[in-house]
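Here the protein sequences line up with chains A and B, keeping their order. Using the working numbering, the letters of the first sequence map in sequence onto residues 1 to 385. Using the working numbering, the letters of the second sequence map in sequence onto residues 386 to 770. Data first, discussion second: the structure below is written as structure tokens.
There are 2 protein chains.
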Amino acid sequence: MKNFTYWNPTRIIFGRGTIAQLRDLIPQDEKILMTYGGGSIFKNGVYDQVKTALQTMSLQEFGGIEANPTYETLMKAVEIVKKEGITFLLAVGGGSVLDGTKFIAAASRFEGDDPWDILAKGAKVKSAISFGSVLTLPATGSEMNSGAVISRKSIQEKRDFGSPLTFPLFSILDPSSTFSLPTKQIRNGIVDTFIHTVEQYLTYPVATPLQDRQAEAILKTLVEEADMILSDPKDYDAMATFMWCATQALNGVLGCGVVQDWATHIIGHELTAFYGLDHAETLAIVYPALLRYKKKAKAEKLLQFGQRIFGINGLKRDDQIESAIEATETFFHHIGMPTRLQNYQIDAKEAAEKIRERFILRDNKIGEHKDIFPDDVKAILLAAA
Amino acid sequence: MKNFTYWNPTRIIFGRGTIAQLRDLIPQDEKILMTYGGGSIFKNGVYDQVKTALQTMSLQEFGGIEANPTYETLMKAVEIVKKEGITFLLAVGGGSVLDGTKFIAAASRFEGDDPWDILAKGAKVKSAISFGSVLTLPATGSEMNSGAVISRKSIQEKRDFGSPLTFPLFSILDPSSTFSLPTKQIRNGIVDTFIHTVEQYLTYPVATPLQDRQAEAILKTLVEEADMILSDPKDYDAMATFMWCATQALNGVLGCGVVQDWATHIIGHELTAFYGLDHAETLAIVYPALLRYKKKAKAEKLLQFGQRIFGINGLKRDDQIESAIEATETFFHHIGMPTRLQNYQIDAKEAAEKIRERFILRDNKIGEHKDIFPDDVKAILLAAA
Chain A
1 MKNFTYWNPT RIIFGRGTIA QLRDLIPQDE KILMTYGGGS IFKNGVYDQV KTALQTMSLQ
61 EFGGIEANPT YETLMKAVEI VKKEGITFLL AVGGGSVLDG TKFIAAASRF EGDDPWDILA
121 KGAKVKSAIS FGSVLTLPAT GSEMNSGAVI SRKSIQEKRD FGSPLTFPLF SILDPSSTFS
181 LPTKQIRNGI VDTFIHTVEQ YLTYPVATPL QDRQAEAILK TLVEEADMIL SDPKDYDAMA
241 TFMWCATQAL NGVLGCGVVQ DWATHIIGHE LTAFYGLDHA ETLAIVYPAL LRYKKKAKAE
301 KLLQFGQRIF GINGLKRDDQ IESAIEATET FFHHIGMPTR LQNYQIDAKE AAEKIRERFI
361 LRDNKIGEHK DIFPDDVKAI LLAAA
Chain B
386 MKNFTYWNPT RIIFGRGTIA QLRDLIPQDE KILMTYGGGS IFKNGVYDQV KTALQTMSLQ
446 EFGGIEANPT YETLMKAVEI VKKEGITFLL AVGGGSVLDG TKFIAAASRF EGDDPWDILA
506 KGAKVKSAIS FGSVLTLPAT GSEMNSGAVI SRKSIQEKRD FGSPLTFPLF SILDPSSTFS
566 LPTKQIRNGI VDTFIHTVEQ YLTYPVATPL QDRQAEAILK TLVEEADMIL SDPKDYDAMA
626 TFMWCATQAL NGVLGCGVVQ DWATHIIGHE LTAFYGLDHA ETLAIVYPAL LRYKKKAKAE
686 KLLQFGQRIF GINGLKRDDQ IESAIEATET FFHHIGMPTR LQNYQIDAKE AAEKIRERFI
746 LRDNKIGEHK DIFPDDVKAI LLAAA
């Protein structure tokens, strides 16, 4: 087991009717800016619940944070924060609103020239506005971690940052607020949660039997519950399980003491930056191709994963491994998620070359062995044609 | 799934050589009181590592906190805290030292007449001294929760308390500091961790498939790793896994959204109070008897537990259940833990009657259905003869 530190100060309030607790979670004298996305919170009733809970408090609004939240949009919120003397942010929505709000929190207090430096140059976050969240879309785990991914439209870049100062103070998770989610977003959330888990699990063994089983707990639950989650979006217990899986997959616990990969995320970000694919769609394309490309380095864990998650036993070693990868693809297809670039009419040769060039510029070496170089990225994307 | 809140602000620093980080974890101007137990920290080198890390700081010592820490001993530390103007406590040891330090932290700032009221009357903790810990004995999970169990010798009482103010600020877990533990303490720690887990799992189903698998992750790991843990106390990876299992079993995650039992703990405390048995020894006596007594109410979970932890399949329903209970006993025996009162020369009739009377006085109804009354406690203890 590797040395690690774990710290996660976010308070989780989970369950039916919990949005009303907002009034006790935010001090009465804060000037609040509520941030949200495209307006789904008007349809699912969450907007009204938040307004009712906070009716006696100073509450302004900033809507329109897009999926893959952009620097351009978020800087408008930063202006409002400064102009209006906002002291507390309340993110109401999914991972994009949460990620965007983390950036607003840090950028509003940034003392350098350009807050983009936080993302592009790793400039240190020395101060951030406090914030909480009301989660309406289980997927990214952003409700219980300190990380965020932000895009800059003008230069087609997608970058991440994180700071001990950008944990949500609290996150309210009421599964009933997910009942009106479109199937596509639920499907995306399942894949996102699945890939977050395997990025911290499907690498090579370093004597972490507990962490392995904790990761497998999430994977097995997702595979077993996916039909329930997708067939009835108003099944409270199924949505509660899905919501808690998504949070647990990326709150830091799975990463304790293990080796981590994250190559699929880093490559996937480029597919979103260039082609506008949903984050989860990019992961489902890259991951199976990456597993095949790295199947020797990941052999031990692929065998364990196949056996414990999909019950694959009794084949020859190579066949066990290939079956585990196939089972992953089959699971994605079963929940309606494509796994190939051609499914989006993307020319694989063009995409692979464009993204290879970007990796050359960045001098990135990725994967758990830091041995995935630009040419390997290209090969992986060509294999995902 | 039931509604829940989860909050755990303790920072975990885990791994080889991490005790040296103490100097960065405690502000330079604190007046520290280091608390410890019977002196094992002198043998395992931890005392020297702590002293070296904090050599430039104000550091006083309070040793002699016993297993099942007593109010009588701890109040002596409270006197020192007040007299010396101590501002930070550092618990160095196992769960008893940690629990005792939590009480010292709260009692030193208690404004009522007698800090025993915190335990006996549930008096609210309104302030507590900050504290951290260096853990040397994996077992109780106290290093990452806010609870403590304290005994009062003079009246043979054992009571618990907890407060949001009594989470450790940090806990350092260096598995190498466990290398000199006696086998008996390791065995106790495994059983303690096992029972903490099942108290939050082996009840009745409330649609929590993820939490079930998270609990099973710990149980399965303990069962699979126990021989490694016990056979070579200097096996770093085995001890690291054991240590992390113990922490994860009682840091609040397993309890999220589930039904909890805790009857075995409550009954077991009385066996310690009257007969001085180690905490884990009492759990191993009470639990199998309680499972048999409550096997109808726990049937669904007992079947799942037997199948997933011990691979019990293909029998008739009643036999599956009995086999799951037998497998638990066999596991305890395998690691050298007795499961009967007679193993300690305790007269079951006398013990059962004495403890029944105490439950009558307390008006306790315990177990996940709150349906274990004093007569049931007696019956369970008679069955554990």
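Beta carbons are placed, not taken as given, at the ideal position from N, Cα and C, and that holds for glycine.
Just verifying my parser: in three-state terms, what is the DSSP assignment at F88(A)? strand
If we ignore side chains and look at the alpha-carbon of each, how far apart do C641(B) and P374(A) end up? The alpha-carbon separation between C641(B) and P374(A) amounts to approximately 43 Å.
For P168(A) versus E143(A), is the C-beta distance shorter than 8 Å? yes
What residues of chain A sit near L595(B), judged by a beta carbon separation below 8 Å? A217, I218, T221, T241, W244, C245 and Q248
Distance check for G449(B) and T458(B), CA to CA, integer angstroms please. Cα to Cα, T458(B) sits roughly 8 Å from G449(B).
According to the neighbour-count rule (16 or more other Cβ atoms, all chains shown, within 10 Å of its Cβ), is K348(B) buried or exposed? A query on residue 348(B) cannot be resolved here, the shown segment of chain B reaching from 386 to 770 and no further.
With 16 as the cutoff for other CB atoms within 10 Å, does P567(B) come out buried or exposed? Under this definition P567(B) is an exposed residue.
Answer yes if the segment 308–322 of chain A comes into contact with the segment 336–353 of chain A, meaning at least three C-beta pairs across the two stretches below 8 Å, and no otherwise. no
Taking Cβ positions only, does Y201(A) come closer than 8 Å to chain B? no
Is any beta-carbon of chain A found at less than 8 Å from that of D622(B)? True, the Cβ-Cβ gap to chain A drops below 8 Å.
Do we get a CB-CB distance below 8 Å when we pair E610(B) with the residues of chain A? yes
Could you give the distance in angstroms between the alpha-carbon of W647(B) and the alpha-carbon of S708(B)? Approximately 22 Å between the Cα atoms of the pair.
Tell me where the beta strand (DSSP E) around T10(A) begins and ends. F4 to F14
For the alpha helix (DSSP H) holding T221(A), just list the boundary residues, first then last. P209 to S231
Chain A residues whose Cβ lies nearer than 9 Å to that of F389(B): Neighbours of F389(B) across chain A, judged by C-beta separation under 9 Å: I12, I13, F14 and G15.
Thinking N471(B) and I514(B) are a contact (beta carbons under 8 Å), I'd like their distance in whole angstroms, please. Checking the sequence, you will find Ile at residue 471(B) rather than Asn. With 8 Å as the limit, I471(B) and I514(B) qualify as a contact, their Cβ atoms being about 7 Å apart.
Can you check whether the C-beta of A592(B) is within less than 8 Å of a C-beta belonging to chain A? yes
Of all Cβ atoms in chain A, is any one closer than 8 Å to the Cβ of P394(B)? yes
So is R213(A) in contact with chain B if we call contact Cβ pairs under 8 Å? Chain B contact via Cβ: present.
Below 8 Å CB to CB, which residues in the same chain sit around I652(B) once its five sequence neighbours on both sides are set aside? T667, V671, L675, I740, I751, V762, I765 and L766
Looking only at C-alpha atoms, which of T578(B), Q445(B) and R537(B) sits nearest to A611(B)? It is T578(B).
Which one or two residues does DSSP pair with G536(B) in a beta bridge? The question names Gly, but residue 536(B) is Ser in the sequence shown. According to DSSP, S536(B) bridges with T455(B) and K543(B).
Can you give me the start and stop residues for the alpha helix (DSSP H) that Q60(A) sits inside? Looking at the DSSP string, Q60(A) is not in any alpha helix (DSSP H); the run it does join, the beta strand (DSSP E), is S58 to F62.
8 Å contact criterion, which G422(B) and G478(B) should meet: CB distance rounded: 5 Å
Once the 5 residues before and after A107(A) are set aside, which same chain residues still bring their CB inside 8 Å of it? L74, M75, V78, P115 and I118
Less than 8 Å between the CB atoms is what I'm expecting for Y204(A) and K298(A), so what's the real figure, rounded? 7 Å
Near G252(A), what residues of its chain come up, given a Cβ to Cβ distance below 7 Å and the 5 sequence neighbours on each side ignored? Y6, N8 and N145
Along the chain, where does the beta strand (DSSP E) containing L635(B) start, and where does it finish? L635(B) -> no beta strand (DSSP E), and no H or E assigned at all.
When K511(B), A737(B), T486(B) and A533(B) are compared against R494(B), the one with the closest alpha-carbon: K511(B)
By the three-class DSSP mapping on this structure, what secondary structure does T197(A) have? If DSSP states are grouped into helix, strand and coil, T197(A) belongs with the helices.
Using CA coordinates, which residue listed in G147(A), S133(A) and M57(A) is at the minimum distance from F161(A)? G147(A)
How would you label I535(B), buried or exposed, when you count the other beta carbons within 10 angstroms and need 16 or more for buried? buried
Measure from the C-beta of T563(B) to each C-beta in chain A and report whether the shortest distance is under 8 Å. No, its Cβ sits nowhere closer than 8 Å to a Cβ of chain A.
By the three-class DSSP mapping on this structure, what secondary structure does V134(A) have? DSSP places V134(A) in strand when its eight states are reduced to three.
Based on the DSSP output, what are the partners of L169(A) in its beta bridges? Its beta-bridge partners do not exist; DSSP assigns none.
Element boundaries [beta strand (DSSP E), containing K31(A)]: Element bounds for K31(A): K31 to T35.
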